[in-house]
Amino acid sequence: MSQINSSLPSIDRLVEAFQRLPGIGPKSAQRLTYHLIKMKREESAELASAALGIKDNLTTCEICFNISEKSQCSICSDNERNSQIICVVEEPLNVLAIERSKIFKGLYHVLYGVISPVDAIGPDNLKISELTQRIKNNEIKEIIIATNPTLRGEATASYIRDMVLELDKSVEISRLARGLPSGSDIEYVDDSTLVHALNSRSSLK
Amino acid sequence: MKNFRQNIFNTEALVVRISNFGESDRLINLITPKNGLVRGIAKGAKKQNSRIGGHIDLLKFIKLSVKTNKSLCTFNQAETLNSFNGFKNNLSKMSRGIYMGEIAEKFSVEWGENKNLFNLLVQSLSLLEKTTDYELITRWYEIQLLRISGFAPELNICVESGKKIDPGNHLFSSDKGGIVDISSKPSDGNPLIPAPINTIKLLKFISNNQWNNVCKVKVDNKTLDNTKRILKDYIRYTLGNSPKSEYFMDEIIQKEKNRL
Ligand SMILES: [Zn+2]
Chain A
1315 MSQINSSLPS
1325 IDRLVEAFQR
1335 LPGIGPKSAQ
1345 RLTYHLIKMK
1355 REESAELASA
1365 ALGIKDNLTT
1375 CEICFNISEK
1385 SQCSICSDNE
1395 RNSQIICVVE
1405 EPLNVLAIER
1415 SKIFKGLYHV
1425 LYGVISPVDA
1435 IGPDNLKISE
1445 LTQRIKNNEI
1455 KEIIIATNPT
1465 LRGEATASYI
1475 RDMVLELDKS
1485 VEISRLARGL
1495 PSGSDIEYVD
1505 DSTLVHALNS
1515 RSSLK
Chain B
78 MKNFRQNIFN
88 TEALVVRISN
98 FGESDRLINL
108 ITPKNGLVRG
118 IAKGAKKQNS
128 RIGGHIDLLK
138 FIKLSVKTNK
148 SLCTFNQAET
158 LNSFNGFKNN
168 LSKMSRGIYM
178 GEIAEKFSVE
188 WGENKNLFNL
198 LVQSLSLLEK
208 TTDYELITRW
218 YEIQLLRISG
228 FAPELNICVE
238 SGKKIDPGNH
248 LFSSDKGGIV
258 DISSKPSDGN
268 PLIPAPINTI
278 KLLKFISNNQ
288 WNNVCKVKVD
298 NKTLDNTKRI
308 LKDYIRYTLG
318 NSPKSEYFMD
328 EIIQKEKNRL
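If you're matching them up, the sequences are chains A and B in order.
Note that our numbering has the first sequence beginning at 1315, numbered continuously upward.
Note that our numbering has the second sequence beginning at 78, numbered continuously upward.
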């Protein structure tokens, strides 16, 4: 990655900051920075305060660990939703993707990753024991495991299945159907594929 | 360094490491027969319409096109040769398979041709897919991998005294790389591991035989545990540290034992 230096420190500082964002290379960072120079002061202030706002006002939901502004997220505190069904996902962004499909009316559980033994990420590094506690302390009828259709996603799904079966054999366990292309990422799957995958989910028992 | 100047080449490969990179790319480590360990990037592999993404996943046996570059290669036009579907829903197999991939990667050299290592890994994963002898196949794989990589443990001659090892209970030294005769005075070094007569017999047998012979032998759990202890310690010593996936594999083995 070549560093383009403007010899103006305040510009270089912002270019560098943009480059730390995913998918932003030196050229895009420079383009964004020069766009900001042209913006009105109030617009820049709004951008800066919004960026700080997500740091100051956001927390994780104490039930599902999704990103939230309150101790319980809007999904967990919605009485209309079915609290007996939990959909287990890898990342908060996956909640957004499944919510977009509008067909799932249960609650979520965000793991923050998948089991990846080669990277020394095991079950203890994910929110799996928290899921165990949720199942123990609440009346749960079904767990839908919506980890990605990758080997590590499958390993995580199998691990959770074994854990749930040890805990309570009456809980239904299912996995998103194979409408999902293998090796893909739920974040990028289109809504209709996701609807199909949810509707034709298969039992893991 | 063979083939490094080559700009684009096609190869068979086994995916041993994968991680997300940027918004939709994936960083991948492959083991190939002629080019050893190859590291590179699959652009857009996370996206649903990616032509390569569906073929690239951990422990997939694939064929793909590699474009070499000064730093990172880029991967294109992949097709799946075997995705080892027998691992699906089976943590015992997945955890051992991931471990096999990790130590193969650790014993591989970037751009270093090693057809035997590649073939051993592909063969062992397809055997693992079908067998229920998870522990024995893992030991067989470990000792074959050590042998191919030039680290075969010395099982016939005492690594301390140079004398022929007679049948009996002896010891194993990881830093000397072999059996120490019980009667010889060991020099200072890492602690020696007990190597009972049956353990030495099993080590020799799995070292000298192909799986179609090895799978027929009946081994008691104690001998299998001793063999595992020796190979685990010797691999840790040879690599300089323990493979990371060992911890998860051992957790799954513990769960298997609890279920019995
Ligand atoms: Zn919540």
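All C-beta atoms in this analysis are idealised placements derived from N, C-alpha and C, irrespective of residue type, glycine included.
Alpha carbon to alpha carbon, how far is residue j from residue i? Give it in angstroms, no decimals.
| i | j | result |
| --- | --- | --- |
| Ala1364 (chain A) | Trp188 (chain B) | 48 Å |
| Tyr1426 (chain A) | Glu333 (chain B) | 26 Å |
| Thr151 (chain B) | Val115 (chain B) | 10 Å |
| Glu1394 (chain A) | Val1432 (chain A) | 41 Å |
| Met171 (chain B) | Arg313 (chain B) | 21 Å |
| Lys321 (chain B) | Ala1434 (chain A) | 5 Å |
| Ser238 (chain B) | Leu269 (chain B) | 15 Å |
| Ser160 (chain B) | Gly1420 (chain A) | 33 Å |
| Glu1383 (chain A) | Leu136 (chain B) | 40 Å |
| Glu1376 (chain A) | His1423 (chain A) | 10 Å |
| Lys1369 (chain A) | Pro1437 (chain A) | 27 Å |
| Ser1316 (chain A) | Pro1340 (chain A) | Legend: pLDDT at Ser1316 (chain A) = 47, less than 50; position of this residue unreliable, value from coordinates given subsequently. Going from the Cα of Ser1316 (chain A) to the Cα of Pro1340 (chain A) covers about 7 Å. |
| Gly317 (chain B) | Gln125 (chain B) | 40 Å |
| Ile129 (chain B) | Asp1499 (chain A) | 13 Å |
| Lys1450 (chain A) | Val1485 (chain A) | 11 Å |
| Glu1456 (chain A) | Lys1416 (chain A) | 18 Å |
| Thr304 (chain B) | Lys281 (chain B) | 11 Å |
| Ala1343 (chain A) | Gln1333 (chain A) | 6 Å |
| Pro244 (chain B) | Arg336 (chain B) | 36 Å |
| Ile307 (chain B) | Ala272 (chain B) | 8 Å |
| Asp1326 (chain A) | Tyr1348 (chain A) | 11 Å |
| Ser1385 (chain A) | Leu1479 (chain A) | 30 Å |
| Gln331 (chain B) | Thr1374 (chain A) | 33 Å |
| Ala1469 (chain A) | Asn166 (chain B) | 7 Å |
| Met78 (chain B) | Ile118 (chain B) | With a pLDDT of only 48 at Met78 (chain B), under 50, the local geometry of the prediction cannot be trusted, and the value read off the model is given with reservation. Each residue's alpha carbon lies about 20 Å from the other. |
| Asn80 (chain B) | Glu190 (chain B) | The pLDDT assigned to Asn80 (chain B) is 49, lower than 50, so where the model puts this residue is not dependable, and the model offers no usable value. |
| Asp102 (chain B) | Ser127 (chain B) | 10 Å |
| Thr1446 (chain A) | Cys1390 (chain A) | 17 Å |
For the beta strand (DSSP E) containing residue i, list its first residue and its last residue.
| i | result |
| --- | --- |
| Thr88 (chain B) | Ile85 to Phe98 |
| His247 (chain B) | His247 to Ser250 |
| Asp102 (chain B) | Asp102 to Thr109 |
| Asn191 (chain B) | Here Asn191 (chain B) belongs to no beta strand (DSSP E), and DSSP marks it neither H nor E. |
| Ala155 (chain B) | Cys150 to Asn159 |
| Ile123 (chain B) | It should be pointed out that residue 123 (chain B) corresponds to Lys in this sequence rather than to Ile. Here Lys123 (chain B) belongs to no beta strand (DSSP E), and DSSP marks it neither H nor E. |
| Ser1397 (chain A) | Asn1396 to Val1403 |
| Gly255 (chain B) | Gly255 to Val257 |
| Gly1436 (chain A) | Looking at the DSSP string, Gly1436 (chain A) is not in any beta strand (DSSP E), and its letter there is neither H nor E. |
| Arg1489 (chain A) | Glu1486 to Arg1489 |
| Leu141 (chain B) | Phe138 to Lys144 |
| Leu1421 (chain A) | Gly1420 to Val1424 |
| Ala272 (chain B) | Ile270 to Ala272 |
| Glu231 (chain B) | Note, Glu231 (chain B): premise wrong, no beta strand (DSSP E); not H, not E. |
Ends of the alpha helix (DSSP H) at residue i?
| i | result |
| --- | --- |
| Ser1342 (chain A) | Pro1340 to Lys1352 |
| Tyr314 (chain B) | Asn298 to Leu316 |
| Arg1466 (chain A) | Leu1465 to Leu1481 |
| Pro1406 (chain A) | Pro1406 to Ser1415 |
| Glu65 (chain B) | Because chain B spans 78 through 337 in this model, residue 65 (chain B) falls outside it and cannot be assessed. |
| Pro1365 (chain A) | Here the sequence assigns Ala to residue 1365 (chain A), which means Pro is not the residue at that position. Its alpha helix (DSSP H) spans residues Arg1355 to Asn1371. |
| Ile1442 (chain A) | Ile1442 to Asn1451 |
Judging by CA-CA distance, which residue of the options is the nearest neighbour of residue i?
| i | options | result |
| --- | --- | --- |
| Asn106 (chain B) | B:Asn112, B:Phe98 and B:Arg94 | B:Arg94 |
| Lys207 (chain B) | B:Leu104, B:Cys292, B:Glu219 and B:Pro110 | B:Cys292 |
| Met1477 (chain A) | A:Met1353, A:Ile1459 and A:Ser1397 | A:Ile1459 |
| Leu1407 (chain A) | A:Asn1462, A:Leu1490 and A:Gln1333 | A:Asn1462 |
| Asn267 (chain B) | B:Asn275, B:Gly130 and B:Lys253 | B:Lys253 |
| Leu45 (chain B) | B:Gly130, B:Gln154 and B:Phe184 | In the structure as shown, chain B starts at 78 and stops at 337, and residue 45 (chain B) therefore has no counterpart that could be examined. |
| Glu100 (chain B) | B:Lys123, B:Asn87 and B:Leu91 | B:Lys123 |
| Asn1452 (chain A) | A:Asn1439, A:Asn1396 and A:Thr1470 | A:Asn1396 |
| Cys235 (chain B) | B:Val257, B:Arg306, B:Ile214 and B:Thr215 | B:Val257 |
| Ile1400 (chain A) | A:Ala1411, A:Cys1378, A:Arg1414 and A:Ser1385 | A:Cys1378 |
| Ala90 (chain B) | B:Val294, B:Ile139 and B:Lys309 | B:Ile139 |
| Phe228 (chain B) | B:Lys241, B:Leu213 and B:Ser185 | B:Ser185 |
| Asn274 (chain B) | B:His247, B:Gly255 and B:Lys295 | Sequence check: residue 274 (chain B) is Ile here, not Asn. The candidate whose alpha carbon is nearest that of Ile274 (chain B) is B:His247. |
| Lys192 (chain B) | B:Asp302, B:Met326, B:Thr88 and B:Phe98 | B:Thr88 |
| Ser1516 (chain A) | A:Ile1487, A:Val1402 and A:Asp1482 | A:Ile1487 |
| Ile242 (chain B) | B:Ser319, B:Ser148 and B:Asn233 | B:Asn233 |
Query - Cβ pair count under 8 Å reaching 3, the region 173 to 184 of chain B against the region 254 to 267 of chain B - result: In short, these stretches do not touch, since the Cβ pair count stays below three.
Query raised in the report: the region 1414 to 1434 of chain A: which residues have C-beta closer than 8 Å to a C-beta of chain B, in chain order?
Result: Correct list: Ile1429, Pro1431, Val1432, Asp1433 and Ala1434.
**Report entry** Interface positions of the region 1442 to 1471 of chain A facing chain B (Cβ-Cβ less than 7 Å), listed along the chain
**Finding:** Residues are counted here when their Cβ sits less than 7 Å from a Cβ of chain B; for the region 1442 to 1471 of chain A these are Thr1464, Leu1465, Arg1466, Glu1468 and Ala1469, given in chain order.
**Report entry** Where the region 1359 to 1370 of chain A meets chain B: residues whose CB sits under 7 Å from a CB there
**Finding:** So the list is empty, because no residue satisfies the distance condition.
Query - Cβ contact (3+ pairs, closer than 8 Å) linking the region 216 to 230 of chain B and the region 181 to 197 of chain B - result: These segments touch.
**Report entry** Proximal residues, the region 1335 to 1350 of chain A versus chain B, C-beta separation under 9 Å
**Finding:** Residues passing the 9 Å Cβ filter: Pro1336, Gly1337, Ile1338 and Gly1339.
Report task. Spell out a yes or no on whether the region 96 to 110 of chain B and the region 1507 to 1519 of chain A are touching, meaning 3 or more CB-CB pairs, one atom from each, closer than 8 Å. Result -> Flag = no, the region 96 to 110 of chain B and the region 1507 to 1519 of chain A do not touch.
Requested in this report: With 9 Å as the C-beta to C-beta threshold (strictly closer), list the residues of the region 1389 to 1403 of chain A near chain B in chain order.
Outcome: Among the residues of the region 1389 to 1403 of chain A, none has a Cβ less than 9 Å away from any Cβ of chain B.
Query raised in the report: the region 149 to 163 of chain B: which residues have C-beta closer than 8 Å to a C-beta of chain A, in chain order?
Result: Listed by position along the chain: Ser160.
Query - Residues from the region 130 to 144 of chain B in contact with chain A, defined by Cβ distance under 9 Å - result: Of all residues in the region 130 to 144 of chain B, only Gly130, Gly131, His132, Ile133, Asp134, Leu135, Leu136 and Lys137 come within less than 9 Å of chain A when Cβ atoms are compared, listed by chain position.
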